[in-house]
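Novice: The structure under discussion is supplied below as structure tokens; questions concerning it will follow.
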Amino acid sequence: MAVLLFAEVTDGHLGRDATAKALTGARKLGPVTVLCAGARASAAAEEAAKLSGVEKVLCAEDPSLGHRLAEPTAALIAELARDYTHIVAPATTDAKNVMPRVAALLDVMILPDVIAIIDADTFERPIYAGNAIQTVKSSDPKKVITLRTTAFEAAPEGGNAPIETVPVPADPGLSAWVEDKVAASDRPELTSARIVVSGGRGVGSEENFKLIERLADKLGAAVGASRAAVDSGYAPNDWQVGQTGKVVAPELYIAIGISGAIQHLAGMKDSKIIVAINKDEEAPIFQVADYGLVADLFQAVPELEKKLG
Amino acid sequence: MKVLVPVKRVIDYNVKVRVRPDGTGVDLANVKMSMNPFDEIAVEEAIRLKEKGAAEEIVAVSIGVRQAQETLRTALAMGADRAILIVATDDVHQDIEPLAVAKLLAKVVEAEKPGLVIMGKQAIDNDMNATGQMLAAILGWPQATFAGEVTIEGDHALVTREVDGGLQTIRVRLPAVVTADLRLNEPRYASLPNIMKAKKKPLEEKTPADFGVDVSPRLTVLKTREPEGRKAGIKVKSVDELVEKLKEAGVI
Ligand SMILES: Cc1cc2nc3c(=O)[nH]c(=O)nc-3n(C[C@H](O)[C@H](O)[C@H](O)COP(=O)(O)OP(=O)(O)OC[C@H]3O[C@@H](n4cnc5c(N)ncnc54)[C@H](O)[C@@H]3O)c2cc1C
Ligand SMILES: Nc1ncnc2c1ncn2[C@@H]1O[C@H](COP(=O)(O)O)[C@@H](O)[C@H]1O
Numbered sequence: 002m003a004v005l006l007f008a009e010v011t012d013g014h015l016g017r018d019a020t021a022k023a024l025t026g027a028r029k030l031g032p033v034t035v036l037c038a039g040a041r042a043s044a045a046a047e048e049a050a051k052l053s054g055v056e057k058v059l060c061a062e063d064p065s066l067g068h069r070l071a072e073p074t075a076a077l078i079a080e081l082a083r084d085y086t087h088i089v090a091p092a093t094t095d096a097k098n099v100m101p102r103v104a105a106l107l108d109v110m111i112l113p114d115v116i117a118i119i120d121a122d123t124f125e126r127p128i129y130a131g132n133a134i135q136t137v138k139s140s141d142p143k144k145v146i147t148l149r150t151t152a153f154e155a156a157p158e159g160g161n162a163p164i165e166t167v168p169v170p171a172d173p174g175l176s177a178w179v180e181d182k183v184a185a186s187d188r189p190e191l192t193s194a195r196i197v198v199s200g201g202r203g204v205g206s207e208e209n210f211k212l213i214e215r216l217a218d219k220l221g222a223a224v225g226a227s228r229a230a231v232d233s234g235y236a237p238n239d240w241q242v243g244q245t246g247k248v249v250a251p252e253l254y255i256a257i258g259i260s261g262a263i264q265h266l267a268g269m270k271d272s273k274i275i276v277a278i279n280k281d282e283e284a285p286i287f288q289v290a291d292y293g294l295v296a297d298l299f300q301a302v303p304e305l306e307k308k309l310g
Numbered sequence: 056m057k058v059l060v061p062v063k064r065v066i067d068y069n070v071k072v073r074v075r076p077d078g079t080g081v082d083l084a085n086v087k088m089s090m091n092p093f094d095e096i097a098v099e100e101a102i103r104l105k106e107k108g109a110a111e112e113i114v115a116v117s118i119g120v121r122q123a124q125e126t127l128r129t130a131l132a133m134g135a136d137r138a139i140l141i142v143a144t145d146d147v148h149q150d151i152e153p154l155a156v157a158k159l160l161a162k163v164v165e166a167e168k169p170g171l172v173i174m175g176k177q178a179i180d181n182d183m184n185a186t187g188q189m190l191a192a193i194l195g196w197p198q199a200t201f202a203g204e205v206t207i208e209g210d211h212a213l214v215t216r217e218v219d220g221g222l223q224t225i226r227v228r229l230p231a232v233v234t235a236d237l238r239l240n241e242p243r244y245a246s247l248p249n250i251m252k253a254k255k256k257p258l259e260e261k262t263p264a265d266f267g268v269d270v271s272p273r274l275t276v277l278k279t280r281e282p283e284g285r286k287a288g289i290k291v292k293s294v295d296e297l298v299e300k301l302k303e304a305g306v307i
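Chains G and Y, in that order, are what the protein sequence lines are.
Under the numbering used here, think of the first position of the first sequence as 2, with each following residue one higher.
Under the numbering used here, think of the first position of the second sequence as 56, with each following residue one higher.
Right, here's the structure in full:
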């Protein structure tokens, strides 16, 4: 068995947390070769080579791979797939875009959002927004897998793998990148933060959302949001936590003015400690909260910020 | 331009999912079923393209049990022009896998020659998030997944995608596959007169054999279980008590 791990590379940088967590899962399947692809990928490849347990790093550099476009990236991975039994990636939006395309090019099913590896053919994955966990056995000759990063510990540094350059297939020219809109932030990244503070519709406005952000900054936390808060324009889309947003499992998750719909719980219920602040004592969020505070957030949140010293 | 919209019949998103105690799956008999929420958004987007004059005809397609007729009637009542049902199983508990669905849709595309396929990004039952990407791969078409905004510009589409880092805009050559994210639009409700009219719109029935596609699954479900529950927590009476508990737990 041999595993190809498609590393998360954005603008030439390695998405270290996501890649290192997927590496831990990938190693259960066999020796791991990491693929770093991009217009620039050599710095990412060097960083990936230092992760403990990597056998080899493949570096694919070409302008066509510059913006994580699905068509050239999937063509590259499908080409390299010949030498591997398992093709694995962390379940990021980039990988969710690319990996099903890879699977179809190889005429195999995709195994998305895997949370446990039973054996080389058998995996566990959540379905119905995490309301059920399915064990599936694949009969395909190759497995194409995305791993949910919250289910795996990040692999440590300490490796020194050799780096090899690989040729890139010709650009199919089907799509072109136009623009990225990325909000710059000094806060920790949502999916790897130790603490996440999230606000919901109860927060009431974009202006009021500053309350959530201030509390987060006091705690050195990332900021999350419910879909209702994003849809209402209080928070940007990349803050959404849930079935269709990001899946997080921090040590501490503080849900403020969030009712606790199953689609939201799907993205945070594996957090170690959950705190809920909501004025409705019947809100379903209290069923998953370790510590629930029934209170008006406009009083409780500033008070909490102050008392954190 | 013709637009093809694949729509899936799934458990209604408000229904509490029940895992069968014997581990054989989720109970789907006698529960409310609806159109996958992302597919409603896809249908709505197709209708808006037609209203803007960017599309002439909308064809809705569903694959699964015969009851998916109802889902197609909903699409027709919203504004689709005609529908194709591919009856691939008679067991409501058998899910047709994205790879098989994509192969069937590719055959429909061959026959119908749409300029655009717009579908949901994810079915809320199996949470695969795969069919659109697989269809694009089989057709050799470009894909624009997780779309939050779609503009047709001649023989290209400009699509803004919702990605981990924020938003990404790409330009794809048509024909292409677009998958809809939640914020693309707010789908309309079908009016009563339109529901009546939809009953007369054409709905064609096919089988996978008509297309020569093998839909046997590649993944065998060995077991379905409930996720580990969380143990019940406590209510704190004040912010002071909350801070104390969090300090005790060592998280702040
Ligand atoms: C297909 C699909 C996918 C979805 N995916 C997601 C997803 O990924 N993530 C997600 O979050 N949702 C998702 N949703 C939406 C989800 O169903 C809920 O609608 C959403 O999570 C509700 O957000 P909310 O809790 O902020 O709002 P609400 O349900 O409106 O809750 C607001 C809460 O704030 C409280 N409140 C109000 N004022 C105050 C105050 N002053 N002080 C304290 N508390 C106050 C209220 O008591 C209430 O409990 C999805 C839905 C669908 C159909
Ligand atoms: N059986 C089906 N019939 C019609 N469309 C489907 C079917 N399965 C998936 N789709 C389409 O593919 C999208 C993504 O589904 P999935 O890849 O299963 O998460 C859905 O939102 C539908 O638009």
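Where a beta carbon is used, it is the ideal one built from N, C-alpha and C, also for glycine.
Any C-beta of chain Y sitting closer than 8 Å to the C-beta of T86 (chain G)?
Specialist: no
Novice: Could you check what DSSP says for G39 (chain G) in three-state terms: helix, strand or coil?
Specialist: strand
Novice: Please report the residue range of the beta strand (DSSP E) in which G208 (chain Y) lies.
Specialist: Checking the displayed sequence, the identity of residue 208 (chain Y) turns out to be Glu instead of Gly. Start and end: 198-208.
Novice: Could one say the Cβ of Q149 (chain Y) lies closer than 8 Å to chain G's Cβ atoms, at least one of them?
Specialist: no
Novice: Between V242 (chain G) and ligand 1, is the CB less than 7 Å from at least one heavy atom?
Specialist: yes
Novice: May I ask you to check if the CB of G293 (chain G) is nearer than 7 Å to at least one heavy atom of ligand 4?
Specialist: With respect to ligand 4, the structure shown offers nothing to examine, as its ligands consist of ligand 1 and ligand 2.
Novice: Answer with buried or exposed for I274 (chain G), where buried requires no fewer than 16 other C-beta atoms within 10 angstroms of its C-beta.
Specialist: buried
Novice: Which of helix, strand or coil does DSSP assign to F153 (chain G)?
Specialist: In the three-state DSSP reduction, F153 (chain G) falls in the coil class, being neither helix nor strand.
Novice: With three or more C-beta pairs closer than 8 Å as the rule, is the stretch 87-103 of chain G touching the stretch 147-156 of chain G?
Specialist: yes
Novice: Please confirm whether L229 (chain Y) and D210 (chain Y) have their CB atoms less than 8 Å apart.
Specialist: Yes, the pair counts as a contact, with Cβ atoms nearer than the cut-off.
Novice: In whole angstroms, give me the CA-to-CA distance for I116 (chain G) and G221 (chain G).
Specialist: 28 Å
Novice: Could you check which residue in Y:M133, Y:F266, Y:A192, Y:G221 has the C-alpha nearest to that of V99 (chain G)?
Specialist: Y:A192
Novice: At which residues does the beta strand (DSSP E) containing M174 (chain Y) begin and terminate?
Specialist: 171-175 is the span of the beta strand (DSSP E), which, as asked, contains M174 (chain Y).
Novice: So does D297 (chain G) have its beta carbon nearer than 7 Å to some heavy atom of ligand 1?
Specialist: yes
Novice: Within 8 Å, do at least three Cβ pairs link the stretch 190-204 of chain G to the stretch 234-249 of chain Y?
Specialist: Below 8 Å, too few C-beta pairs join the stretch 234-249 of chain Y and the stretch 190-204 of chain G to call them touching: fewer than three.
Novice: How far does the alpha helix (DSSP H) with D18 (chain G) in it reach, from first residue to last?
Specialist: 17-28
Novice: Specify, as a first and last residue, the run of the alpha helix (DSSP H) that F124 (chain G) falls within.
Specialist: Unbroken run through F124 (chain G) is the beta strand (DSSP E), 123-128; no alpha helix (DSSP H).
Novice: Please report the Cβ distance between E154 (chain G) and T136 (chain G), rounded to the nearest whole angstrom; I am assuming they are in contact, meaning their Cβ atoms lie under 8 Å.
Specialist: With 8 Å as the limit, E154 (chain G) and T136 (chain G) do not qualify as a contact, their Cβ atoms being about 22 Å apart.
Novice: Compute the Euclidean distance between the alpha carbons of V142 (chain Y) and E259 (chain Y), then round it to the nearest angstrom.
Specialist: 11 Å
Novice: For P242 (chain Y), which residues in chain G fall below 8 Å Cβ to Cβ?
Specialist: The contacting residues do not exist; P242 (chain Y) stays about 13 Å from chain G at best.
Novice: Check the C-beta distance from G160 (chain G) over to A42 (chain G) and give it rounded, since I have them as a contact under 8 Å.
Specialist: At roughly 17 Å, the Cβ-Cβ gap does not stay under 8 Å, so G160 (chain G) and A42 (chain G) are not in contact.
Novice: Using the beta-carbon of each residue, which ones in chain G are nearer than 8 Å to N85 (chain Y)?
Specialist: Neighbours of N85 (chain Y) on chain G: none; closest Cβ ~17 Å, over 8 Å.
Novice: Taking 7 Å as the cut-off, is the CB of R228 (chain G) close to at least one heavy atom of ligand 1?
Specialist: yes
Novice: So, helix, strand or coil for E152 (chain Y), using DSSP?
Specialist: coil
Novice: From K144 (chain G) to Q177 (chain Y), what distance separates their C-alpha atoms?
Specialist: Answer to the nearest angstrom: the Cα atoms are 20 Å apart.
Novice: Would you check if there are 3 or more beta carbon pairs closer than 8 Å linking the stretch 242-252 of chain G to the stretch 266-284 of chain G?
Specialist: yes
Novice: Residues in the same chain with beta-carbon distance under 8 Å from S176 (chain G), minus the five sequence neighbours each way, listed in chain order, please.
Specialist: L70, A71, E72
Novice: In chain G, what lies closer than 8 Å to I193 (chain Y) by C-beta?
Specialist: A105
Novice: Would you say P173 (chain G) and L77 (chain G) are within 8 Å of each other, going by their C-beta atoms?
Specialist: no
Novice: Cα-Cα, which of G:P142, G:S206, G:G200, G:R215 is closest to L107 (chain G)?
Specialist: G:P142
Novice: Classify A71 (chain G) as helix, strand or coil using the three-state DSSP reduction.
Specialist: In this structure, A71 (chain G) counts as helix in the three-state DSSP scheme.
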